[in-house]
Amino acid sequence: MISFKDIQKGLLVSLWFVFLTFPLMVIKVNPIERVITWRWQNMGWVALGSFCYYLATKIYKARKLARQQQIKLGLIKERVDWGQRLLSERKIYLPVLIVVGLGFLIFPLVLSTYQTNIMVTALMYVVLGLGLNIVVGVAGLLDLGYVAFYAVGAYSYALLNMHYGLGFWTVLPIGGLLAASFGILLGFPVLRLRGDYLAIVTLGFGEIIRLILENWNSFSHGPSGISNIPRPGFLGLHLSLGHSITYMYYLMILMVLFTIFVVNRLQNSRIGRAWFALREDEIACQAMGIDKTRTKLTAFALGATWAGMVGVIFAAKTTFVNPASFTFLESAIILCIVVLGGMGSIIGVIVAALILILMPEYLRAFSDYRMLVFGAVLVIMMVFRPQGIIANVRRTYKIPDAIKPKLSRK
Amino acid sequence: MKMHHKLLTMITAAALTAGVASGAMAADPIKIGVAGAHSGDLASYGLPTVKAAELVIKDINAKGGINGAKVELLVEDDVCKPEVATNTATKLVSQKVNVVIGHICSGATKAALPIYRDAGVIVMSPSATNPDLTQSGDYPNFYRTIASDDAQARTEVDFAINNLKVKKIAVIHDKGDYGKGLAEFAKKFIEQSGGKAEVVLFEGVTPGAVDYSAVVQKIKRSGAEAVIFGGYHPEASKIVTQIRKKRMKTTFISDDGVKDDTFIKVAGKNAEGVYATGPADVSSNPLTKKYRDKHQKAYKAEPGAFFDNAVAATLALTNALAKAGSTDSAAIAKVLHTQDVATPFGDIRFDKKGDAIGVGFSMYQVKDGKYVQVQ
Amino acid sequence: MDYFVELFFSGLTRGSIYALIALGYTMVYGIIGLINFAHGEIYMIGAFTALITSTVLSIFGFPLPAIVILTLLASAIWASAYGFTVEKLAYQPLRNAPRLSPLISAIGMSMFLQNYVLLAQTSDFLPFPALIPDFDFMEPYAGFIGSSDMVILVTTTVVMLLLTWLIKFTRTGKAMRATAQDRKMAMLVGINVDNIISITFVIGSALAAIGGLLIASHIGQINFYIGFIAGIKAFTAAVLGGIGSIPGAVLGSFILGLTESFATGYVSSDYEDVFAFSLLVLILIFRPAGILGKASIEKV
Amino acid sequence: MEPLLNIIGLTMDFGGIRALDSLDLRVRHGEIVALIGPNGAGKTTFFNCLTGIYKPSAGDLLLTPPGKGTRRLNGLKPNKVTQQGLARTFQNIRLFPNMTVLENVMIGRHCRTRAKVLGAIFRNHKTVLEEKEIVRLSLEILEKIGLADMYDEFAKNLPYGAQRRLEIARALATDPFMLLLDEPAAGMNPQETSELDDLITTIRDDGLSILLIEHDMKLVMSLSDYIFVLDYGKKIAEGTPEEIRNNPAVIKAYLGEDIDNA
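Residue numbers (my numbering), protein chains in the order written: chain A, 1 to 410; chain B, 411 to 785; chain C, 786 to 1085; chain D, 1086 to 1347.
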């Protein structure tokens, strides 16, 4: 599978990377003390790492090619993706679903408050991911300012609570609606832009929202933020920390289920079809009588609604908001979840959110590498597996019985 | 079994976290949490605190611990992010920590404090300077071994008006939590000075911008005799450098975030004459010396930011634990408020709000490439 | 009036800094229609390489002129190498993928490089040596414009002229224009498109590195994050001028630099970035082709 | 009676280039009209102007649906034009490649149905019925076009000729009374072309009018009731197939010596 030539080329590649990373990886200077530290061992790591990476990609590509050829020759059938299988075969997914469901249900009872708390965070990202998935994954609109709607939700709870004493449950829908209105407000002028321009404009919008929160002290309390935001109440009872977190956990589980339900229904509807079509070919879509702006706007606003609601939950969970929580990096993390999970794939996004958020939490020793890995994930997924870890499942339609017999005469 | 136990606590409710603080058996180790930024771009503010706590606790354990109980450190990273800080705090609380040293950043501290408060855990920060933390009265469980921003702003303004006798002051900040908060206090104090001086310019600069000359031109035009800057040294050195490049003689006064030797090294000759407030010079204090030497020995490097404050916090907390004779937070609080403890800052105790009495700010000036305390 | 002139020069300096970075954006966009999100990071890597080289050389006792030249060379070479590698790793495999794929890949690359430098070097600000000395003859004008501002202005002008010459009159330049217009056609007439794209990345990266060196030396310090902000600003400038157009990138940069400078001077710097981003949003909405760009008609 | 489609003085400029020059054209109800001309004559540009993808520089696009008043199509967005009852196919096939054949046709029903977000979420009775009706109708169209047994394939996996037919099916799903076909026979083998011929005739017999751009002269001559010839954006001739066949201007500009072979 690997020829001598590949090894040779691999060596050349690693040599190139040694050269490339030489100044940054090997030399470290302290210009103040005027000391140079030489870290020669890094050179070896770079050489080894790039060599292995090269061979790995080579093998991956060769295998993929061989498989495709075999499929073409009819030797083997196209392998059904394991993600697809997991979802399409009832005898596989039913037990899995039951076990996972039960696991989530008793999670806070068996594990510590801390674990539950982290899981709440992860579930928040699940919902955020599913929300962004409507925009990026399904409708194909690259939104790099998603965090702006998250901020709108968080600040609407913080401010409405501070000024008018509104409770969590009242603000939850308000936050969603406010975020949706922001989405429409922004979407109206920008959604006719081409894909990559749209990405940049949304990025700009996200930054504008953050900068306004940072600078407009009389409105948002500026960079020092708003503290003492109450946690969600339960029938007016005062909950201890542990109970409050458990309560939030179940709340989030419900929220996730609700989101899955809604997103699933939407995807399998007339509107969802239009979103998918829009992602495939805008011009053909319009020629088929689909109102481009309106359809995009719906996706944008719905995505924003979810960000807004999770924003409210965020504020309630953290009991404190400041603009530093809503940087571009946050948008990038959510995007990473969608890309890793598989654009348009609900189950993929859920799995990706759990992996990306829980992993750094448990592997604290590697937390420094977190953003590095996120960046690499985006590149590697795009290059090698653009459909994500669990590709979007094909939808099936119920064919009326009257037509069925005609179809079977293939 | 564990699940059963857990269910039981669920039913018996309220005691879950309150139970943490009730007196531990002497044989149980005492758990001290250390929380702050230990990774990411703000790690350099958080790691010295971990080292300080480790050095102090090593000494204490070597002498047999506190009242016979060994001390155990639980170090947790919050990356200075509020949302992570709540996770950190929950983790520490669920590990039944007795007291916490941290957090490092004011925002993260604010997010974490309610969790500790509900669990009855005393928290002492070596570095969170936001005035609200002690002055709002929301966090009775909070203490700190650093003076708050308003005290610092007060020192700067008093110095500018009384010592330098300047009439026109430009207040500049970096739009950050710390810098902007400080600048707002400075502005307030100048306006309250009864006409002795006026604020001719109040403006924020964008950290990381490629060039500050427009703001510097604006300072020049405002006719300010002195600039009070709230923020950290990277921006400060850029602004000072551009001021000097424009051949302006405006006096530059800044804060603790600038009173850092890096500032002098980055700004070079332009740093000469710059004023900055910082904790009183304690380098002659034997405790300061002792721990700085230990650090030097253990890590072959100078201690970093807030090291002395962290040593003070660890000493104050362990002393209170020892004197209180229990891990009950009310007992610890009482000791903190009423009894002096020897720290790198001298003998200190804490006022009702939780600020350390006797930890204040002095003014320094850069002379021949060194910060020298102004008498 | 003095104030106006001062602000004007400060805007010009800013503008030329943006221009050096914006040129790279615009060249890459012109040729493969990709917003190279990682370009700001290349600029940052150029600055870091310059810092490392100059410090090492000065510790070894080289004289200042030698340090300046070698540092310039080293940073340009390594930044180009990074630009080249990034293209090969993250963009080339995606040449026929849907339009958003390379953009997402670019965002990933940007995050990766930022954190790579953060981990390999440091998160702290590092002082950057003053490679541009204060010229004596500039002393009378120091109140208006410093020596380094002057050097930056002159360098930008020279680089811009050279680049125009390269693209207008050399074989490579012609091949680049051909590739930009119709990649398939260029391939058919025997242009090695992959090579041309690589060359574009290399040139763009080298320009960014020169920018990195000049700016770092002007400001006196760098850290791993400088690329992101400068990159976004430069991108704004490129779009403002009409992305894909080289004179447009320069014009856009100067307009952005001057706008920011005057906005700071006459209004407030509190909302400096808000101005810049709002400008970007407005331009894209009302004139997506920018000032000098041509509106493209989608073929159906 | 008003013609179904009446184009008066249509002009389209791109920068300095005049792609269409005061073009007049009519399609009557139930007619098959062909638009022919050499490459670059402006035929596809004409379609794009008509369907709202380009904004014409001058001229009137008038549509008179059967039994209704005349309306102007100028300045309407593409989706509005489709709603008015004009549906088109594309010269370079623009299907939704990663959607199934059935879904492609279902997209065509979009503008004739009205389920909203809330309906989609709560799936009320009306929405369910509507959705069922979409599937039924789409399958019916597929049946007619001869693709029903492939309903569950991805569009990208269809053979070329089938893709062209699927485009027609998708256009039919929008309930048009006029179909604009942009080179439907391009790339088809003779067998497929003759099937297409039948298909187009069937569609006309169902009461639709057809405007056709085509290079295959045999198909054009056998199908069309009326032909317009374009060259350099100008109309150079119009008439019945017989008239066009013998028009010297057409022969000169376009058909050349090959007229007899066509």
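All C-beta atoms, glycine included, are put in the ideal place defined by N, C-alpha and C.
Self-check item: Rounded distance between the beta-carbons of LYS704(B) and LEU465(B), thought under 8 Å
Solution: At roughly 5 Å, the Cβ-Cβ gap stays under 8 Å, so LEU465(B) and LYS704(B) are in contact.
Quiz item: In chain D, which residues lie less than 9 Å from LYS292(A) when you measure between Cβ atoms?
Solution: LYS1162, PRO1163, ASN1164
Exercise. Determine the extent of the beta strand (DSSP E) in which ASP1267(D) is found, giving its start and end residues.
Key: 1263-1267
Quiz item: Taking Cβ to Cβ, would you say ILE467(B) is nearer than 8 Å to VAL489(B)?
Solution: In this structure, VAL489(B) does not lie closer than 8 Å to ILE467(B) by Cβ.
Quiz item: With 8 Å set as the bound, which would you pick, yes or no: does the beta-carbon of PHE300(A) sit closer than that to a beta-carbon of chain C?
Solution: With 8 Å as the cut-off, PHE300(A) does not count as an interface residue toward chain C.
Exercise. Under 6 Å Cβ to Cβ from PHE1009(C), same chain only, skipping five residues before and after it: list those, please.
Key: GLN899, VAL902, LEU903
Quiz item: Between the C-alpha atoms of GLY195(A) and GLU282(A), what's the straight-line distance to the nearest angstrom?
Solution: 11 Å
Quiz prompt | Reduced DSSP category for MET435(B) - H, G, I as helix; E, B as strand; rest coil | solution = Model confidence at MET435(B) stands at a pLDDT of 44, short of 50, so the residue's coordinates are unreliable; what they give is reported in the following sentence. MET435(B) falls in the coil class under three-state DSSP.
Quiz item: Whose C-beta lies closer than 6 Å to the C-beta of ALA154(A) among residues of the same chain, with five residues either side of it excluded?
Solution: Taken in chain order, the residues that qualify are GLY311, PHE314, ALA315, VAL321.
Self-check item: Check whether GLY1075(C) and GLY1026(C) have beta carbons under 8 Å apart
Solution: For GLY1075(C) and GLY1026(C), yes; Cβs fall inside 8 Å.
Quiz item: Can a CB atom of chain A be found closer than 8 Å to the CB of THR942(C)?
Solution: Not an interface residue.
Quiz item: If you check the beta carbons only, do THR737(B) and ILE470(B) fall under 8 Å apart?
Solution: no
Quiz item: Below 8 Å between beta carbons: does that hold for LEU819(C) and PRO912(C)?
Solution: It is not a contact, given that the beta carbons lie outside the stated cut-off.
Quiz item: Terminal residues of the continuous beta strand (DSSP E) containing ARG34(A)?
Solution: First-last for ARG34(A): undefined, no H or E at that position.
Quiz item: On the premise that ALA993(C) lies in contact with ILE827(C), defined as a C-beta separation below 8 Å, what is that separation, rounded to the nearest angstrom?
Solution: 5 Å
Quiz item: To the nearest whole angstrom, what separates the beta carbons of GLY1078(C) and ILE1028(C), a pair I think is in contact under 8 Å?
Solution: 6 Å
Exercise. Counting only the same chain and skipping the five closest in sequence on each side, list residues whose C-beta sits under 8 Å from that of LYS296(A).
Key: Same-chain partners within the cutoff: ALA139, LEU141, GLY187, LEU191, LEU278.
Exercise. May I ask which residues mark the beginning and end of the alpha helix (DSSP H) holding ASN900(C)?
Key: 885-905
Self-check item: Beta bridge counterpart(s) of ASP1316(D) as assigned by DSSP
Solution: LYS1319(D)
Practice problem: Identify each residue in the stretch 437-455 of chain B for which the Cβ-Cβ distance to at least one residue of chain C is less than 8 Å, and report them in chain order. | Solution: From the stretch 437-455 of chain B, only GLY450, ASP451, LEU452, ALA453, SER454 have a Cβ closer than 8 Å to chain C.
Exercise. Determine the direct distance from the alpha carbon of PHE789(C) to that of TYR1051(C), and round the result to whole angstroms.
Key: 9 Å
Quiz prompt | CB contact flag (TYR526(B), VAL503(B), <8 Å) | solution = yes
Exercise. Please name the residue, chosen from THR942(C), VAL1035(C), VAL1059(C), SER990(C), that lies closest to ILE832(C) on a Cα-to-Cα basis.
Key: A small fix is needed here, since residue 832(C) is Ala in this sequence, not Ile. Ranking THR942(C), VAL1035(C), VAL1059(C), SER990(C) by Cα distance to ALA832(C) puts SER990(C) first.
Practice problem: Indicate the three-state DSSP secondary structure (helix, strand or coil) for MET1184(D) in the structure shown. | Solution: Coil, per DSSP.
Quiz prompt | Coarse secondary structure for ALA580(B), derived from DSSP in three states | solution = strand
Quiz item: Between the beta-carbon of GLU566(B) and the beta-carbon of ASP665(B), is there less than 8 Å?
Solution: yes
Exercise. Run down chain D in chain order and give the residues with a C-beta less than 9 Å from the C-beta of ILE118(A).
Key: The contacting residues do not exist; ILE118(A) stays about 30 Å from chain D at best.
Self-check item: Alpha-carbon to alpha-carbon, MET371(A) and PHE1060(C)
Solution: 29 Å
Self-check item: Residue range of the unbroken alpha helix (DSSP H) whose run includes ALA686(B)
Solution: Here ALA686(B) belongs to no alpha helix (DSSP H); instead the beta strand (DSSP E) covers 685-689.
Exercise. Would you decide whether SER1307(D) is buried or exposed? Buried here means 16 or more other CB atoms lie within 10 Å of its CB.
Key: exposed
Quiz item: Nearest to ARG427(A) by CA position, among LYS1165(D), VAL1305(D), LEU1171(D), is which residue?
Solution: Here chain A has residues from 1 to 410 only, and residue 427(A) is not among them.
Quiz item: Which residues, in order along the stretch 625-657 of chain B, keep a beta-carbon less than 7 Å from a beta-carbon of chain C?
Solution: VAL625, GLN627, LYS628, ARG631, PRO644, SER647, LYS648, THR651, LYS655, LYS656, ARG657
Exercise. Identify which residue in SER3(A), PHE19(A), TYR369(A), CYS285(A) has its Cα closest to the Cα of PRO1163(D).
Key: CYS285(A)
Exercise. Please say whether GLY614(B) and ASP934(C) have beta carbons closer to each other than 8 Å?
Key: no
Quiz prompt | Residue environment, GLN1169(D), which counts as buried when at least 16 other CB atoms sit within 10 Å | solution = buried
Quiz item: Grouping DSSP H, G and I as helix and E and B as strand, with all else coil, what is LYS777(B)?
Solution: LYS777(B): strand per DSSP, three-state reduction.
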